[in-house]
Amino acid sequence: MSDRSEEEEQQLQSAINRLRAKTFAKARAEPTKEELLAAADQQKPGGIEPEPSPPSPRVPSDEEIRATQPDVDGEELARLILAAWGKEVKDPPKTVPSQDDPNRQETEDDAIRAEAIRRLRVPQGIRRGQTQGLSPSQSDPRKPTESTSSDKPDTPNSNSATRLLSNPSELSASEIALWDRLAVQAKAPDPQSGGSAWQIAALACSRRAGAKIVLRQTSDSQIAFALTKTLRGYLLGPLEAHWYFGSTLMGPDALGLLSDVVKELRADLQADRIEIVVPGLNPRGLHAKQINGAFPDAKKQTQDRHAAASLAGGIEGWLSRRSNNFRRNLKRAEHRAQMAGVVFERAQPSSLAEADVLYERMLAVERQSWKGPVRKGLLEIPTFYRMLLSAYAERNCARVMIARHGEDDVGFCFGGASGGHYRGQQTSYRDDMSGLSLGTLMHFETARWLCEEGAKMQHFGPLQRAMSYKLSFCEVELPSVLSAFRG
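All residue numbers for the sequence shown refer to my numbering, where the first residue is 620 and numbers rise by one.
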(Lines of atoms letter the chains of each structure in order from A and count residues from 1; the text may use other names and numbers.)
(Lines give C-alpha, C1' and ligand atoms only; values in the text may rest on other atoms or scores of the structure.)
Protein backbone atom coordinates (compact mmCIF):
# COMPACT_ATOMS: atom_id res chain seq x y z
CA MET A 1 0.00 0.00 0.00
CA SER A 2 1.44 3.37 -1.03
CA ASP A 3 2.03 6.06 1.58
CA ARG A 4 1.26 8.82 -0.93
CA SER A 5 -1.84 10.96 -0.69
CA GLU A 6 -4.49 10.88 -3.42
CA GLU A 7 -3.12 14.17 -4.80
CA GLU A 8 0.44 12.79 -4.99
CA GLU A 9 -0.83 9.65 -6.72
CA GLN A 10 -2.58 11.83 -9.31
CA GLN A 11 0.62 13.84 -9.88
CA LEU A 12 2.59 10.63 -10.36
CA GLN A 13 0.08 9.21 -12.84
CA SER A 14 0.03 12.48 -14.75
CA ALA A 15 3.84 12.46 -14.99
CA ILE A 16 3.81 8.85 -16.20
CA ASN A 17 1.21 9.62 -18.87
CA ARG A 18 3.24 12.58 -20.12
CA LEU A 19 6.33 10.40 -20.38
CA ARG A 20 4.48 7.78 -22.38
CA ALA A 21 3.08 10.37 -24.77
CA LYS A 22 6.48 12.00 -25.37
CA THR A 23 8.22 8.64 -25.80
CA PHE A 24 5.64 7.53 -28.37
CA ALA A 25 5.98 10.82 -30.25
CA LYS A 26 9.77 10.49 -30.35
CA ALA A 27 9.56 6.89 -31.53
CA ARG A 28 7.30 7.95 -34.40
CA ALA A 29 9.60 10.81 -35.41
CA GLU A 30 12.91 8.93 -35.44
CA PRO A 31 13.95 7.03 -38.60
CA THR A 32 14.39 3.30 -38.19
CA LYS A 33 17.72 1.54 -38.29
CA GLU A 34 16.79 0.05 -41.66
CA GLU A 35 16.01 3.50 -43.08
CA LEU A 36 19.35 4.87 -41.90
CA LEU A 37 21.25 1.91 -43.32
CA ALA A 38 19.45 2.32 -46.63
CA ALA A 39 20.28 6.02 -46.70
CA ALA A 40 23.90 5.15 -46.03
CA ASP A 41 23.80 2.67 -48.93
CA GLN A 42 25.22 0.02 -46.60
CA GLN A 43 28.68 1.52 -46.22
CA LYS A 44 31.47 -0.37 -47.96
CA PRO A 45 34.04 -2.30 -45.87
CA GLY A 46 36.75 -0.10 -44.43
CA GLY A 47 34.63 3.01 -44.33
CA ILE A 48 32.66 4.62 -41.52
CA GLU A 49 29.59 2.70 -40.51
CA PRO A 50 26.44 4.80 -40.11
CA GLU A 51 25.28 5.38 -36.57
CA PRO A 52 21.71 4.12 -36.26
CA SER A 53 19.27 6.07 -34.19
CA PRO A 54 19.15 4.73 -30.62
CA PRO A 55 16.16 2.53 -29.82
CA SER A 56 13.24 4.33 -28.26
CA PRO A 57 13.38 3.88 -24.49
CA ARG A 58 10.95 1.45 -22.93
CA VAL A 59 8.65 3.30 -20.56
CA PRO A 60 8.47 1.48 -17.22
CA SER A 61 5.08 0.29 -16.03
CA ASP A 62 3.35 1.93 -13.07
CA GLU A 63 4.14 -1.10 -10.92
CA GLU A 64 7.84 -1.07 -11.87
CA ILE A 65 8.08 2.61 -11.07
CA ARG A 66 6.48 2.26 -7.66
CA ALA A 67 8.54 -0.84 -6.83
CA THR A 68 11.91 0.75 -7.63
CA GLN A 69 11.22 4.29 -6.34
CA PRO A 70 8.73 3.88 -3.46
CA ASP A 71 9.53 7.15 -1.67
CA VAL A 72 9.76 9.68 -4.52
CA ASP A 73 7.04 12.09 -5.53
CA GLY A 74 5.73 12.14 -9.10
CA GLU A 75 7.67 15.17 -10.31
CA GLU A 76 11.01 13.96 -8.98
CA LEU A 77 10.35 10.43 -10.23
CA ALA A 78 9.66 11.62 -13.75
CA ARG A 79 12.87 13.65 -13.70
CA LEU A 80 14.94 10.68 -12.54
CA ILE A 81 13.42 8.39 -15.16
CA LEU A 82 14.20 10.79 -17.97
CA ALA A 83 17.65 11.48 -16.54
CA ALA A 84 18.39 7.82 -17.18
CA TRP A 85 17.60 8.45 -20.85
CA GLY A 86 19.75 11.58 -21.04
CA LYS A 87 16.81 13.98 -20.62
CA GLU A 88 15.68 16.39 -17.92
CA VAL A 89 12.13 17.12 -16.77
CA LYS A 90 11.21 20.70 -16.12
CA ASP A 91 7.93 22.36 -15.19
CA PRO A 92 4.78 21.04 -16.93
CA PRO A 93 3.97 22.23 -20.47
CA LYS A 94 1.55 24.91 -19.28
CA THR A 95 4.53 26.77 -17.76
CA VAL A 96 7.57 25.87 -19.87
CA PRO A 97 8.48 22.99 -22.22
CA SER A 98 9.11 19.85 -20.20
CA GLN A 99 12.10 18.61 -22.17
CA ASP A 100 15.54 20.12 -22.55
CA ASP A 101 16.29 18.76 -26.00
CA PRO A 102 18.82 20.43 -28.28
CA ASN A 103 17.95 17.83 -30.95
CA ARG A 104 14.53 19.39 -31.49
CA GLN A 105 13.86 21.14 -34.79
CA GLU A 106 15.28 24.66 -34.64
CA THR A 107 12.95 27.61 -35.02
CA GLU A 108 13.78 31.06 -36.36
CA ASP A 109 13.75 32.42 -32.80
CA ASP A 110 16.20 29.70 -31.72
CA ALA A 111 18.61 30.61 -34.50
CA ILE A 112 18.41 34.33 -33.76
CA ARG A 113 18.98 33.82 -30.03
CA ALA A 114 21.84 31.38 -30.54
CA GLU A 115 23.51 33.62 -33.12
CA ALA A 116 23.36 36.58 -30.73
CA ILE A 117 24.90 34.55 -27.91
CA ARG A 118 27.53 33.06 -30.21
CA ARG A 119 28.73 36.54 -31.18
CA LEU A 120 29.28 37.58 -27.58
CA ARG A 121 33.06 37.48 -27.32
CA VAL A 122 34.74 36.30 -24.13
CA PRO A 123 35.87 39.54 -22.45
CA GLN A 124 39.62 40.09 -22.12
CA GLY A 125 39.27 41.54 -18.60
CA ILE A 126 36.70 41.68 -15.85
CA ARG A 127 33.29 42.65 -17.12
CA ARG A 128 32.34 45.78 -15.19
CA GLY A 129 28.69 45.19 -14.60
CA GLN A 130 26.36 43.83 -11.97
CA THR A 131 25.06 40.31 -12.32
CA GLN A 132 21.30 40.04 -12.27
CA GLY A 133 19.17 38.22 -9.77
CA LEU A 134 16.23 35.88 -10.33
CA SER A 135 13.97 36.57 -13.27
CA PRO A 136 10.59 38.23 -12.54
CA SER A 137 8.80 34.98 -13.35
CA GLN A 138 10.32 33.29 -10.33
CA SER A 139 8.64 33.50 -6.98
CA ASP A 140 11.26 35.49 -5.05
CA PRO A 141 13.14 38.36 -6.70
CA ARG A 142 15.89 38.54 -4.09
CA LYS A 143 19.39 37.68 -5.28
CA PRO A 144 21.78 35.11 -3.82
CA THR A 145 25.13 36.41 -2.64
CA GLU A 146 27.13 37.69 -5.61
CA SER A 147 30.22 39.76 -6.20
CA THR A 148 30.36 43.11 -7.94
CA SER A 149 32.95 44.65 -10.22
CA SER A 150 34.63 46.28 -7.23
CA ASP A 151 35.17 43.15 -5.18
CA LYS A 152 35.49 40.34 -7.73
CA PRO A 153 39.17 39.38 -8.00
CA ASP A 154 40.64 38.78 -11.44
CA THR A 155 41.96 35.44 -10.18
CA PRO A 156 39.44 33.53 -8.05
CA ASN A 157 40.70 32.59 -4.60
CA SER A 158 39.50 30.68 -1.57
CA ASN A 159 37.24 33.56 -0.55
CA SER A 160 35.52 34.04 -3.92
CA ALA A 161 31.78 34.56 -3.67
CA THR A 162 28.97 32.84 -5.49
CA ARG A 163 28.31 34.26 -8.95
CA LEU A 164 24.75 34.22 -10.32
CA LEU A 165 25.01 34.99 -14.03
CA SER A 166 22.21 35.86 -16.44
CA ASN A 167 24.44 35.64 -19.51
CA PRO A 168 27.71 33.82 -20.26
CA SER A 169 29.21 37.14 -21.39
CA GLU A 170 29.37 38.10 -17.70
CA LEU A 171 32.16 35.57 -17.22
CA SER A 172 35.62 37.13 -17.09
CA ALA A 173 38.54 35.82 -19.13
CA SER A 174 40.19 34.54 -15.94
CA GLU A 175 37.05 32.66 -14.89
CA ILE A 176 36.81 31.00 -18.32
CA ALA A 177 40.50 30.05 -18.22
CA LEU A 178 40.26 28.61 -14.70
CA TRP A 179 37.08 26.70 -15.56
CA ASP A 180 38.75 25.05 -18.56
CA ARG A 181 41.96 24.30 -16.67
CA LEU A 182 40.10 22.62 -13.80
CA ALA A 183 37.96 20.64 -16.26
CA VAL A 184 40.89 18.95 -17.99
CA GLN A 185 42.63 18.37 -14.66
CA ALA A 186 39.57 16.63 -13.26
CA LYS A 187 39.73 12.84 -13.14
CA ALA A 188 36.33 12.62 -14.80
CA PRO A 189 35.23 10.19 -17.52
CA ASP A 190 34.82 13.04 -20.05
CA PRO A 191 36.99 16.00 -18.98
CA GLN A 192 36.49 18.23 -22.04
CA SER A 193 32.71 18.03 -21.77
CA GLY A 194 32.93 19.59 -18.32
CA GLY A 195 34.65 22.63 -19.82
CA SER A 196 33.08 25.99 -20.53
CA ALA A 197 32.88 25.62 -24.33
CA TRP A 198 30.70 22.50 -24.32
CA GLN A 199 28.59 23.48 -21.30
CA ILE A 200 27.81 27.05 -22.38
CA ALA A 201 27.08 26.15 -26.02
CA ALA A 202 24.71 23.39 -24.93
CA LEU A 203 22.85 25.68 -22.52
CA ALA A 204 22.55 28.42 -25.15
CA CYS A 205 20.97 26.00 -27.64
CA SER A 206 18.56 24.43 -25.16
CA ARG A 207 15.16 25.55 -23.94
CA ARG A 208 16.80 26.53 -20.65
CA ALA A 209 18.85 29.23 -22.38
CA GLY A 210 17.56 31.83 -19.90
CA ALA A 211 18.53 29.84 -16.82
CA LYS A 212 20.88 31.45 -14.32
CA ILE A 213 24.42 30.10 -14.19
CA VAL A 214 25.57 29.47 -10.62
CA LEU A 215 29.36 29.59 -10.49
CA ARG A 216 31.74 29.40 -7.57
CA GLN A 217 35.49 29.04 -7.96
CA THR A 218 38.62 28.85 -5.86
CA SER A 219 42.16 28.44 -7.13
CA ASP A 220 41.77 24.65 -7.34
CA SER A 221 38.03 23.89 -7.23
CA GLN A 222 34.80 24.89 -8.94
CA ILE A 223 31.10 24.20 -9.22
CA ALA A 224 29.02 25.32 -12.23
CA PHE A 225 25.27 24.69 -12.36
CA ALA A 226 22.18 25.97 -14.11
CA LEU A 227 19.48 27.10 -11.67
CA THR A 228 15.88 26.44 -12.70
CA LYS A 229 12.54 26.72 -10.91
CA THR A 230 10.39 23.63 -10.44
CA LEU A 231 6.87 23.16 -9.11
CA ARG A 232 8.13 22.34 -5.63
CA GLY A 233 11.41 24.19 -5.36
CA TYR A 234 14.59 24.69 -7.34
CA LEU A 235 16.89 22.47 -9.35
CA LEU A 236 20.67 22.77 -9.67
CA GLY A 237 21.67 20.78 -12.72
CA PRO A 238 24.42 20.78 -15.34
CA LEU A 239 24.36 23.47 -18.01
CA GLU A 240 24.41 20.65 -20.56
CA ALA A 241 21.39 18.60 -19.52
CA HIS A 242 20.64 16.57 -22.63
CA TRP A 243 23.50 14.09 -22.91
CA TYR A 244 24.75 14.65 -19.34
CA PHE A 245 28.38 14.15 -20.39
CA GLY A 246 30.39 16.60 -18.27
CA SER A 247 30.64 16.87 -14.50
CA THR A 248 29.58 19.98 -12.59
CA LEU A 249 32.11 19.37 -9.79
CA MET A 250 35.84 20.03 -10.15
CA GLY A 251 38.66 19.98 -7.61
CA PRO A 252 39.03 18.71 -4.02
CA ASP A 253 36.77 21.34 -2.41
CA ALA A 254 33.90 21.19 -4.92
CA LEU A 255 31.42 19.52 -2.57
CA GLY A 256 32.20 22.08 0.12
CA LEU A 257 31.55 24.89 -2.36
CA LEU A 258 28.27 23.25 -3.31
CA SER A 259 27.25 23.04 0.36
CA ASP A 260 27.92 26.76 0.80
CA VAL A 261 25.95 27.67 -2.32
CA VAL A 262 22.96 25.56 -1.30
CA LYS A 263 22.86 27.31 2.08
CA GLU A 264 22.92 30.70 0.35
CA LEU A 265 20.17 29.71 -2.08
CA ARG A 266 18.00 28.30 0.69
CA ALA A 267 18.17 31.59 2.57
CA ASP A 268 17.97 33.98 -0.37
CA LEU A 269 15.27 32.12 -2.29
CA GLN A 270 13.37 30.86 0.78
CA ALA A 271 13.62 27.44 -0.83
CA ASP A 272 12.64 24.32 1.08
CA ARG A 273 13.67 22.04 -1.76
CA ILE A 274 16.83 22.29 -3.81
CA GLU A 275 17.41 19.22 -5.89
CA ILE A 276 20.86 18.60 -7.33
CA VAL A 277 21.87 16.54 -10.37
CA VAL A 278 25.57 15.78 -10.92
CA PRO A 279 26.43 13.70 -14.02
CA GLY A 280 29.73 12.53 -15.43
CA LEU A 281 31.21 11.21 -12.18
CA ASN A 282 33.93 8.61 -11.91
CA PRO A 283 32.16 6.01 -9.71
CA ARG A 284 35.43 5.36 -7.85
CA GLY A 285 36.47 9.00 -7.77
CA LEU A 286 36.58 11.52 -4.94
CA HIS A 287 33.32 13.30 -5.73
CA ALA A 288 31.27 10.11 -6.07
CA LYS A 289 32.63 8.89 -2.72
CA GLN A 290 31.92 12.26 -1.07
CA ILE A 291 28.34 12.30 -2.37
CA ASN A 292 27.76 8.71 -1.25
CA GLY A 293 29.01 9.61 2.23
CA ALA A 294 27.20 12.92 2.62
CA PHE A 295 23.97 11.87 0.86
CA PRO A 296 23.37 8.16 1.48
CA ASP A 297 19.90 8.43 -0.08
CA ALA A 298 21.26 9.84 -3.36
CA LYS A 299 19.80 8.23 -6.46
CA LYS A 300 22.49 6.87 -8.79
CA GLN A 301 22.20 6.11 -12.49
CA THR A 302 24.93 4.26 -14.39
CA GLN A 303 25.80 6.12 -17.58
CA ASP A 304 27.44 4.88 -20.76
CA ARG A 305 31.11 4.10 -20.40
CA HIS A 306 33.43 6.39 -22.34
CA ALA A 307 35.99 5.21 -24.89
CA ALA A 308 39.47 6.67 -25.29
CA ALA A 309 42.92 5.93 -26.65
CA SER A 310 46.13 6.69 -24.78
CA LEU A 311 48.72 8.74 -26.67
CA ALA A 312 51.58 7.63 -24.40
CA GLY A 313 54.69 6.87 -26.40
CA GLY A 314 53.69 9.10 -29.28
CA ILE A 315 52.26 7.81 -32.55
CA GLU A 316 54.37 4.63 -32.36
CA GLY A 317 52.95 3.93 -28.92
CA TRP A 318 49.45 4.61 -30.25
CA LEU A 319 50.03 2.15 -33.12
CA SER A 320 51.49 -0.48 -30.78
CA ARG A 321 48.16 -0.62 -28.94
CA ARG A 322 46.23 -1.33 -32.14
CA SER A 323 45.77 -4.85 -33.44
CA ASN A 324 47.94 -6.38 -36.15
CA ASN A 325 44.91 -6.43 -38.44
CA PHE A 326 44.26 -2.74 -37.80
CA ARG A 327 47.85 -1.76 -38.59
CA ARG A 328 47.85 -3.86 -41.75
CA ASN A 329 44.58 -2.34 -42.97
CA LEU A 330 45.80 1.15 -42.09
CA LYS A 331 48.84 0.77 -44.34
CA ARG A 332 46.63 -0.40 -47.19
CA ALA A 333 44.24 2.51 -46.64
CA GLU A 334 47.14 4.99 -46.65
CA HIS A 335 48.34 3.57 -49.97
CA ARG A 336 44.86 3.72 -51.54
CA ALA A 337 44.34 7.30 -50.43
CA GLN A 338 47.76 8.34 -51.70
CA MET A 339 47.13 6.74 -55.09
CA ALA A 340 43.74 8.51 -55.26
CA GLY A 341 45.41 11.86 -54.58
CA VAL A 342 43.89 12.46 -51.13
CA VAL A 343 45.85 14.69 -48.77
CA PHE A 344 45.17 15.78 -45.19
CA GLU A 345 45.12 19.37 -43.98
CA ARG A 346 45.25 20.54 -40.36
CA ALA A 347 42.84 23.38 -39.56
CA GLN A 348 43.11 25.31 -36.30
CA PRO A 349 40.87 28.41 -36.42
CA SER A 350 41.60 31.06 -33.82
CA SER A 351 38.82 33.60 -34.47
CA LEU A 352 35.07 33.67 -35.07
CA ALA A 353 35.61 34.58 -38.73
CA GLU A 354 37.98 31.68 -39.32
CA ALA A 355 35.65 29.30 -37.48
CA ASP A 356 32.68 30.40 -39.63
CA VAL A 357 34.57 29.81 -42.86
CA LEU A 358 35.76 26.39 -41.72
CA TYR A 359 32.31 25.39 -40.48
CA GLU A 360 30.75 26.15 -43.88
CA ARG A 361 33.35 23.85 -45.46
CA MET A 362 32.44 21.13 -42.98
CA LEU A 363 28.71 21.56 -43.66
CA ALA A 364 29.33 21.24 -47.40
CA VAL A 365 31.01 17.87 -46.81
CA GLU A 366 28.27 16.75 -44.41
CA ARG A 367 25.54 17.44 -46.97
CA GLN A 368 27.27 15.06 -49.39
CA SER A 369 27.79 12.31 -46.80
CA TRP A 370 25.38 9.53 -45.89
CA LYS A 371 24.16 11.78 -43.08
CA GLY A 372 22.92 14.44 -45.48
CA PRO A 373 19.61 12.82 -46.56
CA VAL A 374 18.71 11.88 -42.97
CA ARG A 375 20.00 15.13 -41.39
CA LYS A 376 22.38 13.52 -38.93
CA GLY A 377 25.74 14.69 -37.64
CA LEU A 378 26.28 18.43 -37.98
CA LEU A 379 22.97 18.81 -39.80
CA GLU A 380 20.98 17.53 -36.83
CA ILE A 381 21.90 20.46 -34.55
CA PRO A 382 23.92 22.82 -36.78
CA THR A 383 23.70 25.89 -34.55
CA PHE A 384 25.10 24.00 -31.56
CA TYR A 385 28.12 22.69 -33.44
CA ARG A 386 28.76 26.10 -35.01
CA MET A 387 28.78 27.65 -31.53
CA LEU A 388 31.01 24.87 -30.20
CA LEU A 389 33.58 25.32 -32.98
CA SER A 390 33.54 29.09 -32.42
CA ALA A 391 34.07 28.60 -28.68
CA TYR A 392 36.93 26.19 -29.35
CA ALA A 393 38.47 28.71 -31.76
CA GLU A 394 38.33 31.54 -29.21
CA ARG A 395 40.07 29.26 -26.69
CA ASN A 396 42.63 28.16 -29.30
CA CYS A 397 41.69 24.52 -28.83
CA ALA A 398 39.89 23.71 -32.11
CA ARG A 399 41.42 20.78 -33.98
CA VAL A 400 39.91 19.87 -37.36
CA MET A 401 41.47 17.43 -39.81
CA ILE A 402 40.33 18.04 -43.40
CA ALA A 403 40.66 15.42 -46.15
CA ARG A 404 41.12 17.03 -49.58
CA HIS A 405 41.01 15.65 -53.12
CA GLY A 406 42.35 18.15 -55.59
CA GLU A 407 40.58 21.43 -54.88
CA ASP A 408 37.71 19.79 -52.99
CA ASP A 409 37.11 19.04 -49.32
CA VAL A 410 36.00 15.42 -49.05
CA GLY A 411 36.10 14.75 -45.29
CA PHE A 412 36.58 16.25 -41.83
CA CYS A 413 37.33 15.11 -38.28
CA PHE A 414 36.30 17.74 -35.73
CA GLY A 415 37.22 18.02 -32.06
CA GLY A 416 38.80 20.15 -29.36
CA ALA A 417 42.04 19.75 -27.40
CA SER A 418 43.44 21.42 -24.29
CA GLY A 419 45.46 20.40 -21.29
CA GLY A 420 46.57 17.21 -23.02
CA HIS A 421 43.02 15.93 -23.62
CA TYR A 422 41.29 15.73 -27.00
CA ARG A 423 37.54 15.20 -27.35
CA GLY A 424 36.23 14.17 -30.75
CA GLN A 425 32.88 15.63 -31.85
CA GLN A 426 31.96 14.74 -35.42
CA THR A 427 33.62 12.91 -38.32
CA SER A 428 32.26 12.67 -41.84
CA TYR A 429 33.23 12.34 -45.48
CA ARG A 430 31.62 12.48 -48.90
CA ASP A 431 29.62 9.40 -49.77
CA ASP A 432 31.43 8.94 -53.09
CA MET A 433 34.69 8.54 -51.13
CA SER A 434 33.43 5.71 -48.92
CA GLY A 435 35.87 3.17 -50.37
CA LEU A 436 38.98 5.01 -49.15
CA SER A 437 38.60 4.50 -45.37
CA LEU A 438 38.80 8.25 -44.83
CA GLY A 439 37.30 8.01 -41.35
CA THR A 440 40.06 5.70 -40.17
CA LEU A 441 42.75 7.80 -41.83
CA MET A 442 41.48 11.09 -40.38
CA HIS A 443 41.44 9.66 -36.86
CA PHE A 444 44.97 8.37 -37.39
CA GLU A 445 46.16 11.73 -38.74
CA THR A 446 44.47 13.43 -35.77
CA ALA A 447 46.32 11.10 -33.38
CA ARG A 448 49.61 11.96 -35.13
CA TRP A 449 48.83 15.69 -34.76
CA LEU A 450 47.97 15.32 -31.08
CA CYS A 451 51.11 13.31 -30.38
CA GLU A 452 53.22 16.06 -31.94
CA GLU A 453 51.57 18.50 -29.52
CA GLY A 454 52.28 16.25 -26.55
CA ALA A 455 48.64 15.34 -25.83
CA LYS A 456 47.89 12.44 -23.49
CA MET A 457 44.42 11.19 -24.46
CA GLN A 458 42.24 10.90 -27.57
CA HIS A 459 38.63 10.70 -26.37
CA PHE A 460 35.88 9.23 -28.56
CA GLY A 461 32.80 9.76 -26.38
CA PRO A 462 30.40 7.22 -24.87
CA LEU A 463 30.79 3.63 -26.03
CA GLN A 464 27.06 3.13 -26.58
CA ARG A 465 26.99 6.12 -28.90
CA ALA A 466 30.28 5.24 -30.60
CA MET A 467 30.08 3.71 -34.03
CA SER A 468 31.43 0.17 -34.02
CA TYR A 469 34.51 1.00 -36.10
CA LYS A 470 35.72 3.32 -33.32
CA LEU A 471 36.16 0.40 -30.95
CA SER A 472 39.30 -0.58 -32.85
CA PHE A 473 40.83 2.78 -31.88
CA CYS A 474 40.22 2.55 -28.13
CA GLU A 475 41.79 0.52 -25.36
CA VAL A 476 40.61 2.68 -22.43
CA GLU A 477 37.10 2.43 -20.99
CA LEU A 478 35.99 5.03 -18.45
CA PRO A 479 32.88 4.28 -16.34
CA SER A 480 30.49 7.13 -15.51
CA VAL A 481 27.58 7.67 -13.12
CA LEU A 482 24.95 10.34 -12.48
CA SER A 483 23.90 11.23 -8.93
CA ALA A 484 20.68 13.02 -7.95
CA PHE A 485 20.10 14.16 -4.39
CA ARG A 486 18.45 16.84 -2.31
CA GLY A 487 20.62 19.56 -0.79
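For every residue, glycine included, the Cβ atom is placed at its ideal position computed from N, Cα and C.
- When secondary structure is reduced to three states using DSSP, residue 832 falls in the strand class.
- In the DSSP assignment, residue 975 falls within the alpha helix (DSSP H) that extends over 971-986.
- Boundaries of the alpha helix (DSSP H) around residue 912: 905-913.
- Distance from residue 963 to residue 1061 at the Cβ level is roughly 7 Å; contact confirmed, criterion being Cβ atoms closer than 8 Å.
- Residue burial is scored here from C-beta neighbours: residue 957 has fewer than 16 other C-beta atoms within 10 angstroms and is therefore classed as exposed.
- Rounded to the nearest whole angstrom, the C-alpha separation of residue 990 and residue 851 is 42 Å.
- Boundaries of the alpha helix (DSSP H) around residue 819: 815-823.
- Secondary structure note for residue 1098: it is in no alpha helix (DSSP H), and the uninterrupted beta strand (DSSP E) holding it is 1095-1105.
- Beta bridge pairing from DSSP links residue 964 with 1021.
- The residue among 959, 1046 and 999 with its C-alpha nearest the C-alpha of residue 1054 is 959.
- For the 8 Å CB-CB criterion, residue 898 and residue 866 form a contact.
- The C-beta of residue 1046 has 16 or more other C-beta atoms within 10 Å across all chains shown, which makes the residue buried.
- With a cutoff of 8 Å on beta-carbon distance, residue 975 and residue 1083 are scored as not near each other.
- Taken atom to atom, the span from the alpha-carbon of residue 1025 to that of residue 961 is near 7 Å.
- Close CB contacts of residue 996 within its chain, under the 6 Å cut and outside five residues either way in sequence, are with 985, 990, 1045 and 1047 (chain order).
- Shown here for residue 805: same chain residues with a beta carbon closer than 7 Å to its own, the five before and five after excluded, namely 813, 866 and 869 in chain order.
- Inclusion of residue 1102 and residue 919 in the CB contact set at 8 Å is warranted, their separation being smaller than that value.
- Using a Cβ-Cβ distance cut-off of 8 Å, the segment 809-826 and the segment 1004-1022 are in contact, since at least three pairs of beta carbons, one from each stretch, lie closer than that value.
- If you check the CB distance, residue 836 and residue 874 do not come in under 8 Å.
- Boundaries of the beta strand (DSSP E) harbouring residue 782: 782-784, taken from the DSSP string.
- About 6 Å separates the beta carbon of residue 894 from that of residue 1105, a gap short enough to meet the 8 Å contact definition.
- Residue 879 sits in a helix when the DSSP states are folded into three classes.
- Annotated as proximal: residue 854 and residue 847, with beta-carbon spacing under 8 Å.
- A check of alpha carbon separations from residue 1028 across 823, 983, 1063 and 938 identifies 983 as the nearest.
- If you keep only unbroken beta strand (DSSP E) runs of at least 3 residues inside the segment 1057-1094, you get 1076-1081.
- Around the CB of residue 913, fewer than 16 other CB atoms lie within 10 Å, so the residue is classed as exposed.
- Here the C-alpha atom of residue 1058 lies approximately 22 Å from the C-alpha atom of residue 931.
- Its chain contains 782 and 843 as the residues whose beta carbon lies nearer than 6 Å to that of residue 834, once the 5 sequence neighbours on both sides are disregarded; these appear in chain order.
- With respect to the 8 Å criterion, residue 927 and residue 1097 are classified as neighbours on the basis of their beta carbons.
- If you draw a 10 Å sphere on the C-beta of residue 1018, you find 16 or more other C-beta atoms in it, and that means buried.
- Across the structure, residue 1000 and residue 786 are spaced so that their CA atoms are roughly 22 Å apart.
- DSSP places residue 922 within a strand segment (E or B) once states are collapsed to three.
- Comparing alpha carbon positions, the residue from 936, 799, 840 and 900 closest to residue 1093 is 936.
- With respect to the 8 Å criterion, residue 1039 and residue 803 are classified as neighbours on the basis of their beta carbons.
- Its chain contains 1020 and 1032 as the residues whose beta carbon lies nearer than 6 Å to that of residue 1065, once the 5 sequence neighbours on both sides are disregarded; these appear in chain order.
- For residue 845, the three-state secondary structure derived from DSSP is strand.
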